[in-house]
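Heads up: the structure comes next, in structure tokens.
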Amino acid sequence: MTDPAMTGGELLYTEGLTKHFRIGSALSRQTLHAVDDVSISIGERQIVALAGESGSGKSTMARLLAKLYKPTSGEIYLEGRPLSAIRSRRDVLRYRGEVPMVFQDPFASINPVFRVSHGIMRCLKLHRPELSGAERQHEAERVFEAVGLTPAAEVLQRFPHELSGGQRQRVGFAQALALRPKLILADEPVSMLDVSIRIGLLNLMAQLRDEQGVSILYITHDIASARYVADRLIIMYAARIAEQGPTEELLVSPRHPYTQLLLSAVPDPREPMTVGAETDRGEPPRVIDPEPGCRFRWRCPLAIDECEQVTPELSELAPDHDAACHVARRGTEVRAFG
Amino acid sequence: MTAGPVLEVRDLAVEYATERGTVRAVDGVSFDLDAGEFIGIVGESGCGKSTLLFAIAQLLAPPAAVTGGSVVFRGENMVGLTDRQLASVRWRDLSVVMQSAMNALNPVKTIAAQFKDAMRAHGVTSKEEVAARSAEVLRMVGIDPVHLKSYPHQLSGGMRQRSMIAMALLLTPELVIMDEPTSALDVVAQRSLMVQIKELQEQLGFAVIFVTHDMSLVSHFSDRLMVMYAGRVDEFGATRQVFDSPLHPYTIGLTEAFPSIRGPRVHLTGIPGSPPNLASLPPGCRFAPRCPKVMDRCRQESPELYQVNGTLVRCFLHAEEGGGDD
Numbered sequence: 011m012t013d014p015a016m017t018g019g020e021l022l023y024t025e026g027l028t029k030h031f032r033i034g035s036a037l038s039r040q041t042l043h044a045v046d047d048v049s050i051s052i053g054e055r056q057i058v059a060l061a062g063e064s065g066s067g068k069s070t071m072a073r074l075l076a077k078l079y080k081p082t083s084g085e086i087y088l089e090g091r092p093l094s095a096i097r098s099r100r101d102v103l104r105y106r107g108e109v110p111m112v113f114q115d116p117f118a119s120i121n122p123v124f125r126v127s128h129g130i131m132r133c134l135k136l137h138r139p140e141l142s143g144a145e146r147q148h149e150a151e152r153v154f155e156a157v158g159l160t161p162a163a164e165v166l167q168r169f170p171h172e173l174s175g176g177q178r179q180r181v182g183f184a185q186a187l188a189l190r191p192k193l194i195l196a197d198e199p200v201s202m203l204d205v206s207i208r209i210g211l212l213n214l215m216a217q218l219r220d221e222q223g224v225s226i227l228y229i230t231h232d233i234a235s236a237r238y239v240a241d242r243l244i245i246m247y248a249a250r251i252a253e254q255g256p257t258e259e260l261l262v263s264p265r266h267p268y269t270q271l272l273l274s275a276v277p278d279p280r281e282p283m284t285v286g287a288e289t290d291r292g293e294p295p296r297v298i299d300p301e302p303g304c305r306f307r308w309r310c311p312l313a314i315d316e317c318e319q320v321t322p323e324l325s326e327l328a329p330d331h332d333a334a335c336h337v338a339r340r341g342t343e344v345r346a347f348g
Numbered sequence: 405m406t407a408g409p410v411l412e413v414r415d416l417a418v419e420y421a422t423e424r425g426t427v428r429a430v431d432g433v434s435f436d437l438d439a440g441e442f443i444g445i446v447g448e449s450g451c452g453k454s455t456l457l458f459a460i461a462q463l464l465a466p467p468a469a470v471t472g473g474s475v476v477f478r479g480e481n482m483v484g485l486t487d488r489q490l491a492s493v494r495w496r497d498l499s500v501v502m503q504s505a506m507n508a509l510n511p512v513k514t515i516a517a518q519f520k521d522a523m524r525a526h527g528v529t530s531k532e533e534v535a536a537r538s539a540e541v542l543r544m545v546g547i548d549p550v551h552l553k554s555y556p557h558q559l560s561g562g563m564r565q566r567s568m569i570a571m572a573l574l575l576t577p578e579l580v581i582m583d584e585p586t587s588a589l590d591v592v593a594q595r596s597l598m599v600q601i602k603e604l605q606e607q608l609g610f611a612v613i614f615v616t617h618d619m620s621l622v623s624h625f626s627d628r629l630m631v632m633y634a635g636r637v638d639e640f641g642a643t644r645q646v647f648d649s650p651l652h653p654y655t656i657g658l659t660e661a662f663p664s665i666r667g668p669r670v671h672l673t674g675i676p677g678s679p680p681n682l683a684s685l686p687p688g689c690r691f692a693p694r695c696p697k698v699m700d701r702c703r704q705e706s707p708e709l710y711q712v713n714g715t716l717v718r719c720f721l722h723a724e725e726g727g728g729d730d
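Those protein sequences? They're chains A and B, same order as listed.
Reading the first sequence from the start, the letters are residues 11 to 348 in the numbering used here.
Reading the second sequence from the start, the letters are residues 405 to 730 in the numbering used here.
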């Protein structure tokens, strides 16, 4: 794995980021490993997709990066500054403005009793107090136009129920944009939208990267949409990174058996069906008090003895392309699924 | 298998009573479903696909009601049957698998108890028989029968959805209606569940109506595909044909709205605009405001369903090729 600190130009990176949750009663304490030893880096003007099944830890990652959770261990660096050093209210506020979040459910994330201008004006008052009332209005119109909500002045005066799901999600992006962000954390921003609307939002994300210069962490379980917008792809499995690399490279030659399973399961009407009933039974991974060893081994047709004992670390198998798999690291060509 | 269609839906209309008058959510839908056939129904939220399915299963509750047409299941019109009459049909001849198994299963009862309830309601009372059949259907969907003793929260999302399907198969119905049963699952679990549904269907011979918003999901599984838009059928034909040569501009838009994980990376545009509000429909074709190929005529008259090479399509572009069928 390349050391993100050495490459420069990185906007945000994490080092060994870990989040454990205590669960169970006082007598049977257990630890749920939501995120384990995750090191990622996001460059400037980059869309990085974080993909994985439900429970793989991708949303916990978003909450850690949004500073909603305190990491159990590990560190997050934004432009080289460690997040743990941010203490004062002013600095926290600034961080939240630089790294805002767009939520999954556009119906639950906007207050239904106020006009949509309400939320964005509050954001602006809080994060950019130097603006006058007229400037705030002007800025709100600017970001609404940037996300395709036109005529901006009129849309600002509408109530959330007067907007479609796609438009509401654009309001979410506009609010994030008003904070002059460096990195937008987008947690499944299109999964609740209709198919015909989704592409518009994905195109908007690409446009924000290209025209506004923001980076986006796009959290999704939909690999095809990740491929459509993302420059880099990170696949998580059971709280750890299974594989990461440039999107096309990773999809053309996936090294980790889980990535291969994931890709083989994506329905593609343009292609004949590739897998038969040999697809696995999908036993969920054990992330409560996990023992050492690969967490995919129960589902992996290629598992060897080493996988039972040693947790695989990420290793670079191609330029900038890492996978955490003992079999792949040995140089064997991995063809587990698909 | 019986000869002829299991289900005949004719000019079905469903209306919701709202404060501002009635809204027609399903408008003149007709189709036949043969024994052992798998039909996929796709469309965006609000297109009426779930309402249609609820109307077929007679599960509509006020303010929604069937206001026209018929649903003939095994020769009997389901519309207007009493709850008592329906109860004898449900589970035995027709069962429904809902979108969210967490809400459909009773959280304070074990799987075994819920299976037993369904079977006892239809006269299967012998303890041995209930136990044997319950274990058998769970095995069919790939769950170890030890989970009969489990409560729903002890199962994973995929297992809950599988046990709902197992429950639907308890009394070997002729028709299983599924409302987005896989939408809460991740892609791997989704694929394996689809493969399993298809295998069971081929093995046991029941017919399936499968409603989903994700048309690529059913692409390899359904025999015929119905595309709904704003309460109406826009296109209906053999699944492969609808994918390979979609006719309606809406269907074309939908097939082009999916990014692919293979092949060249192309820029997609999706379909501009959003579906119409059913309470204030545009005059003429309901897709006209979003249609890239809209003509003057589309804004004034409403197209019927035209038959083109065995596919039904509601679009004036195909009015000359096919005669009216509606």
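Beta carbons: idealized from backbone N, C-alpha and C, even for Gly.
For a contact meaning CB atoms closer than 9 Å, what does residue i contact in chain B?
i                : result
Ala76 (chain A)  : Under the 9 Å cutoff, chain B gives no residues; its nearest Cβ is about 23 Å from Ala76 (chain A).
Ala118 (chain A) : Correct list: empty, because the minimum Cβ distance to chain B is about 15 Å.
Gly182 (chain A) : Neighbours of Gly182 (chain A) on chain B: none; closest Cβ ~17 Å, over 9 Å.
Taking C-beta pairs closer than 7 Å, name the residues in chain B that residue i reaches, listed in chain order.
i                : result
Gly210 (chain A) : Gly674
Between the Cα of residue i and the Cα atoms of the options, which residue gives the shortest distance?
i                : options                                   : result
Gly440 (chain B) : B:Pro650, B:Thr576 and B:Asp583           : B:Thr576
Ile245 (chain A) : A:Gln56, A:Met71, A:Glu20 and A:Glu281    : A:Met71
Pro663 (chain B) : B:Gly452, B:Thr655, B:Leu597 and B:Gly674 : B:Gly674
His722 (chain B) : B:Val545, B:Leu463 and B:Pro650           : B:Pro650
Glu258 (chain A) : A:Glu221, A:Leu42 and A:Ala234            : A:Ala234
Thr82 (chain A)  : A:Ile194, A:Pro116, A:Asp46 and A:Gln147  : A:Asp46
Ser49 (chain A)  : A:Phe306, A:Tyr87 and A:Leu260            : A:Tyr87
Thr514 (chain B) : B:His557, B:Phe640, B:Leu709 and B:Val712 : B:His557
Ala661 (chain B) : B:Val433, B:Glu448 and B:Glu412           : B:Glu448
Tyr238 (chain A) : A:Ile251, A:Val224, A:Pro256 and A:Ser94  : A:Pro256
Glu540 (chain B) : B:Gly527, B:Ala572 and B:Val512           : B:Ala572
Ser64 (chain A)  : B:Gly561, B:Ser434, B:Met568 and B:Pro686 : B:Gly561
Gln503 (chain B) : B:Ser587, B:Ala429, B:Leu457 and B:Leu579 : B:Ser587
Pull the bridge partners of residue i from the DSSP assignment, please.
i                : result
Val637 (chain B) : B:Met632
Gln319 (chain A) : Answer by DSSP bridge pairing: none, since Gln319 (chain A) is not bridged.
Ile52 (chain A)  : A:Leu22
Ser499 (chain B) : B:Val580
Gln254 (chain A) : A:Ile244 and A:Asp332
Gln40 (chain A)  : A:Ile33
Leu437 (chain B) : B:Leu411
Arg494 (chain B) : B:Leu498
Gly444 (chain B) : B:Phe614 and B:Leu629
Ile1 (chain A)   : There is no way to answer for residue 1 (chain A), as the model of chain A reaches only from 11 to 348.
If the cut is a Cβ gap below 8 Å, which residues of chain A does residue i touch?
i                : result
Ser620 (chain B) : Pro277, Asp278 and Pro279
Gly657 (chain B) : Ser206
Taking DSSP as the reference, what is the three-state secondary structure of residue i?
i                : result
Lys29 (chain A)  : strand
Leu193 (chain A) : strand
Asn481 (chain B) : strand
Asp730 (chain B) : With a pLDDT of only 46 at Asp730 (chain B), under the threshold of 50, the placement of this residue in the model should not be trusted; the figure read from the coordinates follows. Here Asp730 (chain B) sits in coil by DSSP.
Ala539 (chain B) : helix
Gln224 (chain A) : The question names Gln, but residue 224 (chain A) is Val in the sequence shown. DSSP places Val224 (chain A) in coil when its eight states are reduced to three.
Arg91 (chain A)  : strand
Ala249 (chain A) : coil
Val200 (chain A) : coil
Ala338 (chain A) : helix
Met405 (chain B) : Unreliable positioning characterises Met405 (chain B) in this predicted model, as indicated by a pLDDT of 45, which lies under 50. A coordinate reading is not provided.
Asp115 (chain A) : coil
Gly158 (chain A) : coil
Thr230 (chain A) : strand
Thr715 (chain B) : strand
Glu343 (chain A) : coil
Gly286 (chain A) : Confidence at Gly286 (chain A) is low in this model, with a pLDDT of 48, below 50, so the placement of that residue is unreliable and no value is reported for it.
Could you work out which residues of chain A lie near residue i, taking near to mean beta carbons separated by less than 7 Å?
i                : result
Asp590 (chain B) : Glu63, Ser64 and His231
Below 9 Å on C-beta distance, what does residue i contact in chain A?
i                : result
Glu448 (chain B) : Asp204, Val205, Ser206 and Ile207
Ser678 (chain B) : Ser174, Gly175, Gly176, Gln177, Asp204, Ser206 and Ile207
Do three or more CB pairs link the segment 470-477 of chain B to the segment 590-598 of chain B at distances below 8 Å?
no
Are the segment 485-492 of chain B and the segment 436-455 of chain B in contact at 8 Å, needing three or more beta carbon pairs?
Contact fails: fewer than three Cβ-Cβ distances are below 8 Å.
Should the segment 118-128 of chain A be regarded as contacting the segment 172-184 of chain A, the criterion being three or more beta carbon pairs within less than 8 Å?
yes
If you pair each beta-carbon of the segment 322-331 of chain A with each one of the segment 417-426 of chain B, do three or more pairs fall below 8 Å?
no
Residues in the segment 41-63 of chain A having any Cβ partner in chain C nearer than 7 Å:
Structure shown: chain C not included; protein chains present are A and B.
Would you call the segment 306-325 of chain A and the segment 57-70 of chain A in contact, with 3 or more CB pairs under 8 Å?
no
Would you be able to state if there are at least three C-beta pairs under 8 Å between the segment 333-340 of chain A and the segment 550-565 of chain B?
no
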